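Count along the sequence shown from 1, then add 301; that gives the number in our numbering. Backbone N, C-alpha and C fix where the C-beta goes; we use that ideal spot for every residue, glycine too. Nothing here was measured: the structure is a model prediction, and the numbers come from that model.
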Amino acid sequence: MLDTLIRNGTVVDGTGAAGVRADVGVLDGRIVSLGRTAEPAARTIDADGLVVAPGFIDPHTHYDAQLFWDPFASPSNLHGVTTVIGGNCGFTLAPLGAADADYVRRLMSKVEGMPLTALETGIDWTWSTFAEYLERLDGHIGVNAGFLVGHCALRRTVMGEGAVGGPATLEQTLAMVRLLDQSLAAGGLGFSSSQAFTHVDGDNSPVPSRFATREETLALAAAVRRHPGTTLEFIIDGCLNQFQDSEVGLMIAMSLAANRPLNWNVMQVSARNRARYEHQLSAGTRAKAAGAKIVALTMPTLVGLKMSFLEHCALNSIPEWGPILGLPVPERIRALQDPAVRERMREGGRRPEAGVFGGLAKGERFQIGETFAPANRAFAGRTVADIAAEIGRTPFDTLFDIVVADELRTALWPLPTDDDVDSWKLRVEVWRDERAMIGGSDAGAHLDRMCGSGYPTGLLGEVVRERQLLPLEEAVHMLTGAPAALFGLHDRGRVAPGMCADLVLFDPRSVGTGPIHTRADLPGGSERMFAAATGVARVLVNGRDIVVDGNATGDLPGRVLRSGRDTQTVSVPGG
Numbered sequence: 302m303l304d305t306l307i308r309n310g311t312v313v314d315g316t317g318a319a320g321v322r323a324d325v326g327v328l329d330g331r332i333v334s335l336g337r338t339a340e341p342a343a344r345t346i347d348a349d350g351l352v353v354a355p356g357f358i359d360p361h362t363h364y365d366a367q368l369f370w371d372p373f374a375s376p377s378n379l380h381g382v383t384t385v386i387g388g389n390c391g392f393t394l395a396p397l398g399a400a401d402a403d404y405v406r407r408l409m410s411k412v413e414g415m416p417l418t419a420l421e422t423g424i425d426w427t428w429s430t431f432a433e434y435l436e437r438l439d440g441h442i443g444v445n446a447g448f449l450v451g452h453c454a455l456r457r458t459v460m461g462e463g464a465v466g467g468p469a470t471l472e473q474t475l476a477m478v479r480l481l482d483q484s485l486a487a488g489g490l491g492f493s494s495s496q497a498f499t500h501v502d503g504d505n506s507p508v509p510s511r512f513a514t515r516e517e518t519l520a521l522a523a524a525v526r527r528h529p530g531t532t533l534e535f536i537i538d539g540c541l542n543q544f545q546d547s548e549v550g551l552m553i554a555m556s557l558a559a560n561r562p563l564n565w566n567v568m569q570v571s572a573r574n575r576a577r578y579e580h581q582l583s584a585g586t587r588a589k590a591a592g593a594k595i596v597a598l599t600m601p602t603l604v605g606l607k608m609s610f611l612e613h614c615a616l617n618s619i620p621e622w623g624p625i626l627g628l629p630v631p632e633r634i635r636a637l638q639d640p641a642v643r644e645r646m647r648e649g650g651r652r653p654e655a656g657v658f659g660g661l662a663k664g665e666r667f668q669i670g671e672t673f674a675p676a677n678r679a680f681a682g683r684t685v686a687d688i689a690a691e692i693g694r695t696p697f698d699t700l701f702d703i704v705v706a707d708e709l710r711t712a713l714w715p716l717p718t719d720d721d722v723d724s725w726k727l728r729v730e731v732w733r734d735e736r737a738m739i740g741g742s743d744a745g746a747h748l749d750r751m752c753g754s755g756y757p758t759g760l761l762g763e764v765v766r767e768r769q770l771l772p773l774e775e776a777v778h779m780l781t782g783a784p785a786a787l788f789g790l791h792d793r794g795r796v797a798p799g800m801c802a803d804l805v806l807f808d809p810r811s812v813g814t815g816p817i818h819t820r821a822d823l824p825g826g827s828e829r830m831f832a833a834a835t836g837v838a839r840v841l842v843n844g845r846d847i848v849v850d851g852n853a854t855g856d857l858p859g860r861v862l863r864s865g866r867d868t869q870t871v872s873v874p875g876g
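Written as structure tokens, this is what we have:
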């Protein structure tokens, strides 16, 4: 007898093949039949009018901490995500030195926007090794979750406070390699690292991995080769601007040393700056010629990003802005009122080093969100450009005046510069390119300013149904079969006999993402941005319901994915 029989649905199997009307039989957490069957079942689900697809795979999340207080990985679960990959950008909670919990908490709070109160009160921080960290989650999560091993954790554990400030000795590098070997043997999915200029720790110093030499990084990448079913993830300055030759060379060398593909995050595609993303994609071309593989992650939806002069965000990365926005609040307010300081910040935004953040410094492309001062009440929901034109001030000064009046609490929403027909057409071309893959939600991170976890339903609703830019079957493949292939998830990402029964049932006529709003449901009462889904009827993980009619069931059938056991090796030609 089957555990579950899903009848009358349109099966879109994750390969890109056309959907077919078929029944899906599930037994012991796996798909055992596809097509009509006379075998009885303990329960039958009528999927008439629904698409039955593989559960969606999110390749770039930071659920490393959240899963301890929210084992359901919300709101990703509501959007049909059944597998998440964490430990990206070189940031993991393990391995963990005996005296390092406070440092790691403050680093994760600063660099990944996780409220410090939630990190302090929602986790007991009692593990040491990567194996112990995974064991703490095993059997206690609602989705499948695999974790890369972060460079910063390796460096801090081996070098202590010396991890920030300079290179490692040969002995320290070898100790990091041994620690990475142990972590990968315990089930780590691979190695992640950051050289991005935006990544600073809780002390406003560059994160530990930014002090690594090329030799150290390659030694760690080479360790990955020794462990089956592993991979690489990396972020560097060129991911935000344009790659330098040396950066591409490093990524190629990492891929060859590990004999694994390397994915980086996150590539923006816009008709306004086509040369930039084509240059970034060319890293994949160079890698292929060298026998390596580099894959860019790119989001298929435009994710709203709330900013603020009160809390650390992208504005801090603009030249001349960081030191001012890092001042204590009373001093910061006084500085922002000073015409000389304003002029210095204005000029900083014009410098080439500002990169993609330079446009923000002009101020005109912000929409004002929540305000607090009575004088600002009428500005909520309006653009700074419109307000400036009305009151006869420059957009730059208008923005600063509003923020100062609100004692820096103003919610600022940058307007997208690439929500045009040409940009959307170019995105589809990129998604179909072997040098790129959909992903980059950062789900579980930047909780106070963004919510990228709804991109699967956003893709299916906006891009497939509303814009009609992509066939449904191809979109499902991009969300399932494609990431499964990159990470070597051999029994997930497809609807076929023998595969794990990770399934999402959705209505193609109504699937989509609900509005983003604020919820104060984190440990300690901290807030986060949240968006529910529409049109998702049911989500199954390993054959058990985790979402029914848009609501989490509370069941915890998820599995901690371990390299070699749950993944197979994806090699590169020249490795």
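Boundaries (first-last residue) of the alpha helix (DSSP H) holding W725: One-based indexing of the sequence shown puts residue 725 at position 424. 722 to 732 is the extent of the alpha helix (DSSP H) around W725.
At 3 residues or longer, and completely inside the region 660 to 695: list those beta strand (DSSP E) runs for me, N to C. With a minimum length of 3 residues, the continuous beta strand (DSSP E) runs that stay inside the region 660 to 695 are 667 to 669.
Below-8 Å beta-carbon distance, S375 vs any chain B residue: Absent from the structure is chain B; it holds one protein chain and no more.
Given F680 as reference, the closest of G387, A662, L661, I703 once Cα atoms are compared: As a first step, residue 680 must be located in the sequence shown, where it is residue number 379. The residue among G387, A662, L661, I703 with its C-alpha nearest the C-alpha of F680 is I703.
Please list, in chain order, all residues of the same chain as D878 whose beta carbon is under 6 Å from its beta carbon, the five residues on each side excluded. There is no way to answer for residue 878, as the model of the chain reaches only from 302 to 876.
Beta-carbon proximity of A838 to I847, cut-off 8 Å: For this step, residue 838 is matched to residue 537 along the sequence shown. For this step, residue 847 is matched to residue 546 along the sequence shown. Cβ distance not < 8 Å, so A838 and I847 don't count as in contact.
According to DSSP, is V796 helix, strand or coil? Counted from its first residue, the sequence shown places residue 796 at position 495. Coil, per DSSP.
Compute the beta-carbon to beta-carbon distance between L716 and T684, rounded to the nearest angstrom, for a pair I have assumed lies under 8 Å. Position 415 of the sequence shown holds residue 716. Position 383 of the sequence shown holds residue 684. Between the beta-carbon of L716 and that of T684 there is about 7 Å, and that keeps the pair under the 8 Å contact cut.
Could you compute how far the alpha carbon of V450 sits from the alpha carbon of M600? Against the sequence shown, residue 450 aligns to sequence position 149. Against the sequence shown, residue 600 aligns to sequence position 299. Rounded to the nearest angstrom, the two C-alpha atoms are 23 Å apart.
Contact belief for V353 with L804 at Cβ below 8 Å, rounded distance in angstroms: Within the sequence shown, residue 353 is the residue found at index 52, counting from 1. Within the sequence shown, residue 804 is the residue found at index 503, counting from 1. So it is a contact: roughly 6 Å between Cβ atoms.
Counted within 10 angstroms of its Cβ, other Cβ atoms place Q769 as buried (16 or more) or exposed: Here residue 769 refers to the residue found at position 468 when the sequence shown is read from its first residue. Exposed, by the Cβ-count rule.
Please say whether V525 and A550 have beta carbons closer to each other than 8 Å? Position 249 of the sequence shown holds residue 550. Position 224 of the sequence shown holds residue 525. In the sequence under discussion, the amino acid at residue 550 is Gly, which differs from the Ala named in the question. In this structure, V525 does not lie closer than 8 Å to G550 by Cβ.
Taking DSSP as the reference, what is the three-state secondary structure of C540? Sequence index remark: in the sequence shown, residue 540 carries index 239 (1-based). Of the three classes helix, strand and coil, the one that applies to C540 here is helix, per DSSP.
C-beta contact flag for S484 and F535 at 8 Å: One-based indexing of the sequence shown puts residue 484 at position 183. One-based indexing of the sequence shown puts residue 535 at position 234. If you check the CB distance, S484 and F535 do not come in under 8 Å.
Relative to the C-alpha of D687, which residue among R666, A662, N542 is closest? Locating residue 687 in the sequence shown gives position 386, where the first residue counts as 1. Shortest Cα-Cα distance from D687 to any of R666, A662, N542 involves R666.
Residues near V412 in its chain [Cβ-Cβ closer than 7 Å; skip 5 each side]: Here the question's residue 412 lines up with position 111 in the sequence shown. By the criterion of a C-beta distance shorter than 7 Å, V412 is surrounded in its chain by F392, H500, V501, D502, V508, once the five residues flanking it on both sides are discounted.
So the alpha helix (DSSP H) Q581 belongs to, where does it begin and stop? Residue 581 sits at position 280 when you count from the first residue of the sequence shown. Residues 575 to 590.
Please report the distance separating the alpha-carbon of L857 from that of A746. Here residue 857 is taken as the residue at index 556 of the sequence shown, counted from 1. Here residue 746 is taken as the residue at index 445 of the sequence shown, counted from 1. Approximately 22 Å, taken between the alpha carbons.
Quick check: A834 and L379, are their CB atoms within less than 8 Å of each other? Numbered from 1 along the sequence shown, position 533 holds the residue referred to as residue 834. Numbered from 1 along the sequence shown, position 78 holds the residue referred to as residue 379. Inclusion of A834 and L379 in the CB contact set at 8 Å is warranted, their separation being smaller than that value.
From the DSSP output, which residues share a beta bridge with C801? To locate residue 801, count along the sequence shown from 1; it is residue 500. Its beta-bridge partners are R331.
Alpha carbons only, please: which of G315, T311, R337, M409 is nearest the one belonging to L748? Residue 748 sits at position 447 when you count from the first residue of the sequence shown. The shortest Cα separation from L748 among G315, T311, R337, M409 belongs to M409.
To the nearest angstrom, report how far apart A588 and E632 are at their CA atoms. Start at 1 with the first residue of the sequence shown, and residue 588 comes out as number 287. Start at 1 with the first residue of the sequence shown, and residue 632 comes out as number 331. Distance from the CA of A588 to the CA of E632, rounded to the nearest whole angstrom, comes to 48 Å.
What separation, rounded to the nearest whole angstrom, lies between the Cα atoms of G794 and R694? Indexing the sequence shown from 1 puts residue 794 at position 493. Indexing the sequence shown from 1 puts residue 694 at position 393. Distance between the alpha carbons of G794 and R694 is about 54 Å.
Taking I669 as the reference, give the member of D324, T586, W370, K607 with the closest Cα. Within the sequence shown, residue 669 is the residue found at index 368, counting from 1. Of the candidates D324, T586, W370, K607, K607 places its Cα closest to the Cα of I669.
Please confirm whether E708 and I619 have their CB atoms less than 8 Å apart. For the purposes of this step, residue 708 is taken as residue 407 along the sequence shown, with counting starting at 1. For the purposes of this step, residue 619 is taken as residue 318 along the sequence shown, with counting starting at 1. The beta carbons of E708 and I619 sit no closer together than 8 Å.
Below 7 Å, is the gap between the Cβ of P640 and the nearest heavy atom of the ligand MG? With respect to small molecules bound, the structure shown includes none, and the ligand MG cannot be examined in it.
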